[in-house]
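Colleague:
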Amino acid sequence: LSSGEIICDEEELELLDIGTDATSWIWTSPSGNTYNSQSVMIENQEVESGVYVLEASNAEGCTTEEEIEISVFDGASIESKFLVGNTACTGDTIHFIDYSNIEIDPSASFFWDFGNGITSTEVNPLYSYTEVGEYDIYLEITSGDCPNISIDKTVEIMACRQELEGFLNAKLMPSINKGDFNLELILEEESDVLIEIFNVNGMNFVSETFNKIEFLQKPYHLEEEGMYFIKISYPGGIQTLRTIVAR
């Protein structure tokens with residue numbers, strides 16, 4: 125037997141007999157309704173809580189009986205999912221972006237656990253870690269009485285910034301974007317600068333050197349959604365910035 129077992133508002137129930145040599149089937153609902161096929165699709169308004177019974181027979185007349193219990197809840201079934209990279213830096217303001225399908229239930233509530241005892245009930249919270257380490261991020265969305273699927277993800281927080289000499293002021297505009305952003309650099313004196321852009325898996329997308337500059341303003345474009353790190357290396361040190369592409 126195969127079924128979702130938990131049915132929420134606007135969901136159908138599919139009952140399916142799998143992995144047998146049966147040639148005939150009789151499904152019986154908790155109220156006594158019967159269905160005579162291997163796969164049965166029941167519209168939401170007709171789905172009942174309780175035990176569904178399948179009586180299956182093969183060509184030789186052998187019969188077996190199986191049961192499955194179905195629960196029906198008020199509310200929408202929402203699979204939690206959110207955008208945040210595997211790696212970030214201490215002191216960075218991280219934007220946790222929820223991408224779950226919640227438009228069917230605007231009253232859904234959110235619970236974020238940032239893995240260090242700090243929680244939030246905002247939809248898309250901002251948070252900054254001050255300590256290096258690995259944190260298990262957890263998101264749970266509640267909609268009515270319907271049990272929902274939650275998600276957790278481990279994020280590694282690194283000490284990206286170093287003490288810098290020669291004063292490098294670097295910023296991204298905007299830091300959360302749809303794939304296009306500008307990088308602006310101001311140095312205290314002329315220096316060679318190496319700019320590299322990586323995704324959270326360490327894949328390098330950009331690597332370019334600028335010779336003897338004090339100021340740079342340059343546009344960049346990234347195709348895929350996700351988190352990226354912009355590593356700026358120069359004789360006075362290294363600074364790492366972070367951007368999120370969210371379309």
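In terms of this note's numbering, the sequence shown opens at residue 125 and continues consecutively.
Quick reminder that beta carbons are idealized off the backbone N, C-alpha and C, glycines included.
Note that this is a predicted model, so its numbers are computed, not measured.
#1: Look up H341 in the DSSP assignment and say whether it is helix, strand or coil.
#2: Is the beta carbon of S224 closer than 8 Å to that of S204?
#3: Below 7 Å CB to CB, which residues in the same chain sit around T243 once its five sequence neighbours on both sides are set aside?
#4: Does the separation of the CB atoms of Y176 and S153 fall below 8 Å?
#5: What are the residues that DSSP puts in a beta bridge with N328?
#6: Are the beta-carbon atoms belonging to E280 and E258 less than 8 Å from one another?
#7: Tell me, to the nearest whole angstrom, how far the beta carbon of T158 is from that of I150; I am working on the premise that it is less than 8 Å.
#8: Leaving out the 5 sequence neighbours to the left and right, which residues in its chain are closer than 8 Å to N245 when beta-carbon positions are compared?
#9: Beta-carbon separation of S267 and G199 under 8 Å?
#10: What does the alpha-carbon distance come out to for the pair F353 and I142?
#11: Starting from T152 and walking both ways along the beta strand (DSSP E), at which residues does that stretch end?
#12: If we ignore side chains and look at the alpha-carbon of each, how far apart do L207 and L365 end up?
#13: Report the rounded CA-to-CA distance for E94 versus N293, giving the unit in angstroms.
#14: To the nearest angstrom, report how far apart E184 and T144 are at their CA atoms.
#15: What does the Cβ neighbour count give for G239, buried or exposed, with the cut at 16 atoms within 10 Å?
#16: Contact criterion: CB-CB distance below 8 Å. Does I273 meet it with respect to chain C?
#17: Nearest to E135 by alpha carbon, out of I319, I202, P359 and I261?
#18: Of the choices K302, Y344 and E314, whose alpha-carbon is the least far from that of I321?
#19: Determine the direct distance from the alpha carbon of L346 to that of G303, and round the result to whole angstroms.
#20: Once DSSP output is grouped into helix, strand and coil, what is the label at Y168?
#21: What does the Cβ neighbour count give for C186, buried or exposed, with the cut at 16 atoms within 10 Å?
#22: What does the Cβ neighbour count give for T278, buried or exposed, with the cut at 16 atoms within 10 Å?
Modeller: Taking the structure as given:
#1: Start at 1 with the first residue of the sequence shown, and residue 341 comes out as number 217. Checking the displayed sequence, the identity of residue 341 turns out to be Gln instead of His. In the structure shown, Q341 sits in a strand (DSSP, three-state: E or B).
#2: In the sequence shown, the residue the question calls residue 204 occupies position 80. In the sequence shown, the residue the question calls residue 224 occupies position 100. Result yes, Cβ atoms of S204 and S224 sit closer than 8 Å.
#3: Counting from one through the sequence shown, the residue named residue 243 turns up at place 119. Around T243: F235, W236 and D237.
#4: Here the question's residue 176 lines up with position 52 in the sequence shown. Here the question's residue 153 lines up with position 29 in the sequence shown. Yes; because the gap between Cβ atoms is below 8 Å, this pair is in contact.
#5: Position 204 of the sequence shown holds residue 328. According to DSSP, which records beta bridges pairwise, N328 is partnered with F322.
#6: Counting from one through the sequence shown, the residue named residue 280 turns up at place 156. Counting from one through the sequence shown, the residue named residue 258 turns up at place 134. Against a cut-off of 8 Å, the Cβ pair of E258 and E280 comes out as a contact.
#7: Position 34 of the sequence shown, counting from 1, holds the residue named residue 158. Position 26 of the sequence shown, counting from 1, holds the residue named residue 150. The pair is a contact, with the Cβ atoms about 6 Å apart (cut-off 8 Å).
#8: Here residue 245 corresponds to residue number 121 of the sequence shown, with the count starting at 1. First, the amino acid is wrong: residue 245 is Thr here, not Asn. Here the set comprises S233, F234, F235 and W236.
#9: Here residue 267 refers to the residue found at position 143 of the sequence shown. Here residue 199 refers to the residue found at position 75 of the sequence shown. Contact flag set, yes.
#10: Indexing the sequence shown from 1 puts residue 353 at position 229. Indexing the sequence shown from 1 puts residue 142 at position 18. For F353 and I142, the distance between alpha carbons rounds to 47 Å.
#11: The residue you call residue 152 lines up with position 28 of the sequence shown. Segment S148 to T152, the beta strand (DSSP E) holding T152.
#12: Translated into the one-based positions of the sequence shown, residue 207 becomes position 83. Translated into the one-based positions of the sequence shown, residue 365 becomes position 241. The alpha-carbon atoms of L207 and L365 are separated by roughly 17 Å.
#13: Since the first and last residues shown for the chain are 125 and 371, residue 94 lies out of range.
#14: Residue 184 sits at position 60 when you count from the first residue of the sequence shown. Residue 144 sits at position 20 when you count from the first residue of the sequence shown. Going by the C-alpha atoms only, they are around 13 Å apart.
#15: For the purposes of this step, residue 239 is taken as residue 115 along the sequence shown, with counting starting at 1. Answer is buried; the Cβ neighbour count reaches 16.
#16: Included in the structure is just one protein chain, with no chain C present.
#17: On the sequence shown, position 11 is the one that residue 135 refers to. It is I202.
#18: Within the sequence shown, residue 321 is the residue found at index 197, counting from 1. Of K302, Y344 and E314, the residue nearest in Cα terms is Y344.
#19: By one-based count along the sequence shown, residue 303 stands at place 179. By one-based count along the sequence shown, residue 346 stands at place 222. So the two alpha carbons sit approximately 5 Å from each other.
#20: Within the sequence shown, the letter at position 44 stands for residue 168. The residue asked about is misnamed: residue 168 is Asn in this sequence, not Tyr. Helix.
#21: Counting from 1 along the sequence shown, the entry for residue 186 is found at position 62. Classification of C186: exposed, given that the 10 Å Cβ count is below 16.
#22: Within the sequence shown, residue 278 is the residue found at index 154, counting from 1. Exposed, because fewer than 16 other Cβ atoms sit within 10 Å of the Cβ of T278.
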